[in-house]
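Under our numbering, the residue at position 24 of the sequence shown is numbered 437, and the numbers go up by one with no gaps. Glycine residues also receive a C-beta, built at the ideal position from the N, C-alpha and C atoms.
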Amino acid sequence: NMALSVGYCQFMDYDVEAPNSSFFLKPDIKHIHKVTIKQPYFLTGTGADFSECARFCNYNAVAVVGSEVIFFPELCHGCGGCLLVGPEGAVRENDISVGEVKKGTASPNIDYYMGDLKPGSMRTISIQGDMDKFLNHDGLVIIDCPPGTSCSMVFSVKDCDYCILVTEPTPYGLNDLILSIEVLKDLGKPFGVIINRDGIGDDEVEKFCKSSGIKILTKIPNKREIAEYYSRGESLIEYDSTWKGKFEEMVKEIEKDIRT
Ligand code: SF4
């Protein structure tokens, strides 16, 4: 909604495990960039001893049982250490695909990037790290960040000047909000809150924000019509064009907050 309202921006979908921005922004994808990581493989037929690899690997991605090497690719971080400490020439590396970054444009004037993690892969940071290379450091960048307080959330907000936490007015929403706020405070990031589906629960989120001096940027009402628009890939501003002005104002207010 914010990207569609301001129009001229770079939009980065860092929610690589479940990217859904294309549903609303309908980008014209012009380029797909494959993201690969290095992963070791072990030439077991050589009779070489790989026990040093197992000892070295901090992530327990390698185990040696008798003459067998067991490799757990999902635990491997691709550090290359086992190549250095393992028997010379008997540990090699492959390029493994972990997903892709899609680049394109969306109307009205959005420079669009979306990370898409390969199903089954856990290398969210590899995809996000690749997207970092395309960040525009001279203009407005809107990042769609993964929910929660995971590494991928922290990675997504690390370069942000301001974070917007979207929550729902329910006990679960409040609980998740408090956890996210703790992370942002640790990172020293300024933030504000949008209450989505206002009216479905109680007013504890609002009370918490007010008592903690946290700015509520806006409240989006809980309406069946809005949900119907979303389900068709249509935005809030298509439902009610007055939201365009509200989001533009919000961006101006945030820019002012950042500067002061
Ligand atoms: S590349 Fe690094 S993380 Fe992967 S198995 Fe080797 S030592 Fe472990």
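Please confirm whether residue i and residue j have their CB atoms less than 8 Å apart.
| i | j | result |
| --- | --- | --- |
| T537 | E430 | yes |
| L578 | S565 | no |
| L497 | A474 | no |
| A416 | I555 | yes |
| L517 | D441 | A small fix is needed here, since residue 517 is Gly in this sequence, not Leu. Yes, the Cβ-Cβ distance between G517 and D441 is below 8 Å. |
| I523 | F424 | yes |
| F437 | S648 | yes |
| K451 | G491 | yes |
| Y643 | C558 | no |
| K632 | D611 | yes |
| V419 | L548 | no |
Mapping the DSSP letters down to three states, classify residue i as helix, strand or coil.
| i | result |
| --- | --- |
| Y454 | strand |
| E506 | strand |
| R610 | strand |
| G601 | coil |
| G491 | coil |
| T518 | strand |
| G512 | strand |
| M544 | helix |
| E641 | helix |
With a threshold of 7 Å on Cβ separation, who are the neighbours of residue i within its own chain once the five nearest residues in sequence on each side are excluded?
| i | result |
| --- | --- |
| V618 | T580, P582, G586, L587, L590, I608 |
| E501 | none |
| K447 | S510, E513 |
| N414 | S648, L649, I650, W656, F660 |
| G499 | F463, E465, C466 |
| Y472 | L488, C489, H490 |
Along the alpha helix (DSSP H) that carries residue i, what are the first and last residues, could you check?
| i | result |
| --- | --- |
| A416 | 415-419 |
| V636 | Inspection of the sequence shows that residue 636 is occupied by Lys rather than by Val. Neither: K636 is in no alpha helix (DSSP H) and is coded neither H nor E. |
| D616 | Careful: D616 lies outside any alpha helix (DSSP H) and carries neither H nor E. |
Determine the extent of the beta strand (DSSP E) in which residue i is found, giving its start and end residues.
| i | result |
| --- | --- |
| M527 | 522-530 |
| V579 | 576-580 |
| A476 | 475-478 |
| V554 | 554-557 |
| I483 | 481-484 |
Going by beta carbon distance, what residues of the same chain come within less than 6 Å of residue i, once the five residues before and after it are set aside?
| i | result |
| --- | --- |
| C576 | V570, L597, K602, F604 |
Whose CB is closer than 6 Å to a heavy atom of the ligand SF4? List the residues in chain order. In chain order, the qualifying residues are P453, F469, C470, Y472, A474, V475, C489, H490, G491, C492, G493, G494, C495.
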